[in-house]
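Below: the structure, in structure tokens.
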Amino acid sequence: MEKFQKLYEQFRKERKEEILTPNGLLIVADMSDRLTIGKHTFGTHSSNSIVLDSERLPSALDFMGTLIVDKMWRVTYHAHPGNKHIDAWHEDHHHSTPGNKFRANTVKLKHPDVFVYPAPNIHFKLAFVSKPDHYVLLFWDDQNPRVLALNKERYLPCYPFDKSWILNGHFKPDPGYGTGGVVEFRLPWDATRKIHTLFTTGPIVRPGLVVIGFMDHTTSAPGGTFYGGRVLVAKVAGFEDRRKSKADCTCEGKCNGIRVELDFNVAFNPMCAFTPFWPMVLPYKTNILPFEVKAGEKNPPHLGEPNWE
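Here you go:
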């Protein structure tokens with residue numbers, strides 16, 4: 000159990016960092032194609048040489064500006080006329096903290112129908128991350144009110160570690176494609192021995208891990224969890240040797256599944272809880288659990304109680 004306690008502490012420490020760092024999860028667009036020497040226009044319109052994802056950004060960003068890379072690999076940013084979009088900064092390849100600042104342009108967009116929270120002033124940054132022979136351009140949502148609220152917290156809000164929410168179940172892969180499947184488990188304290196079912200949300204992320212989106216009775220509750228549900232990455236034991244793992248299955252050998260480890264202490268909020276530029280993918284209806292899961296991340300501090308009116 001000490002191992003799980005350490006994993007929980009590491010989870011709390013790393014979550015804030017992976018969200019707030021420039022190369023973290025707040026990146027709206029990762030233009031990992033090389034910025035070659037020369038002039039580049041960018042925005043959501045298809046005529047730009049660097050095209051951003053138009054489905055995730057407002058149409059006001061059709062033509063954002065021009066980037067000019069000279070022979071010394073210096074980057075100059077010019078905002079498109081009438082565009083007030085971004086702060087630009089540079090992160091040196093050899094350092095983990097921002098280095099030289101480029102010309103700054105503060106974003107002040109007013110699109111209440113686009114953003115899911117009241118925010119008259121939306122701020123973005125362009126991050127030029129230099130590699131040994133090229134720059135990578137990142138469009139980074141770092142100044143919205145949700146993110147600023149996180150900066151004031153030492154950790155993201157979580158329920159206290161609870162060993163009773165480390166459960167064993169079994170995973171039945173999709174027989175057709177093997178890229179998803181069903182997780183079934185019981186609550187040890189439930190005398191009815193009822194089996195609960197969770198469908199995995201997409202392919203196995205890598206051998207031995209499956210991703211599950213779920214809701215429960217803490218979802219949207221006062222002092223509870225994010226209204227869009229949470230995500231759990233579950234460990235499939237003995238993935239490479241199903242015969243070995245089947246012997247450890249909690250269903251006493253009566254199923255065709257593989258033992259799976261469900262540690263709800265490290266259930267986390269999807270990125271749509273922190274930035275409006277990530278789509279909200281709701282869990283399957285079958286993944287709404289009929290009980291409270293008081294483990295894992297709670298509602299982020301900026302949201303407060305949901306208002307359904």
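So in numbering that gives the first Met the number 0 the end of the sequence shown lands on 308, straight run, no missing numbers.
Glycine residues also receive a C-beta, built at the ideal position from the N, C-alpha and C atoms.
Delimiting residues of the beta strand (DSSP E) encompassing residue i
i	result
Ile165	165-172
Phe198	195-198
Leu396	As shown, the chain starts at 0 and ends at 308. That puts residue 396 outside it, with no answer to give.
Ile211	208-213
Val230	229-235
Phe41	37-42
Leu261	257-262
Val280	Per DSSP, Val280 belongs to no beta strand (DSSP E) and is neither H nor E.
Phe184	180-184
Span separating the alpha-carbon of residue i from that of residue j
i	j	result
Leu149	Lys193	38 Å
Met214	Thr65	44 Å
Leu6	Ser219	26 Å
Asn47	Ile18	29 Å
Tyr283	His216	15 Å
Val280	Thr199	13 Å
Thr43	Thr20	24 Å
Asn268	Tyr154	13 Å
Lys151	Phe3	27 Å
Ile67	His79	13 Å
Thr191	Glu183	15 Å
Pro156	Trp164	17 Å
Val259	His77	52 Å
Pro299	Thr274	11 Å
Asp173	Leu288	21 Å
Arg145	Gly207	33 Å
Glu296	Ile49	36 Å
Lys12	Lys171	32 Å
Ser45	Pro221	44 Å
Phe10	Leu60	35 Å
Beta-carbon gap between residue i and residue j smaller than 8 Å
i	j	result
Ala266	Val230	yes
Gly223	Ala272	no
Gly212	Asn286	yes
Phe41	Leu51	yes
Nearest residue (CA-CA) to residue i, options the options
i	options	result
Ile257	Arg153, Gly180, Leu24, Glu13	Gly180
Glu1	Arg11, Phe160, Glu152, Ile49	Phe160
Leu197	Glu152, Gly207, Arg185, Arg145	Arg185
Lys8	Tyr158, His77, Leu24, Thr191	According to the sequence as given, residue 8 is Glu; it is not Lys. That would be Tyr158, whose Cα lies nearest to the Cα of Glu8.
His169	Pro300, His79, His195	His195
Val188	Lys171, Lys162, Pro172	Looking at the sequence provided, one finds Trp at residue 188 rather than Val. Comparing Cα positions, the closest option is Lys162.
Met270	Phe225, Pro172, Leu261, Ala233	Phe225
Asn167	Leu24, Leu147, Lys234, Gly207	Lys234
Trp277	Ile49, Leu24, Arg11, Leu208	Leu24
Leu261	Glu13, Val232, Glu16	Val232
Leu147	Pro221, Lys15, Arg11, Ile49	Lys15
Residue i CB to nearest heavy atom of the ligand NAD below 7 Å
i	result
Ser45	The ligand NAD is absent from the structure shown, which contains no ligand whatsoever.
Problem - Cβ contact check for the region 33-50 and the region 279-298: 3 or more pairs under 8 Å - result: no
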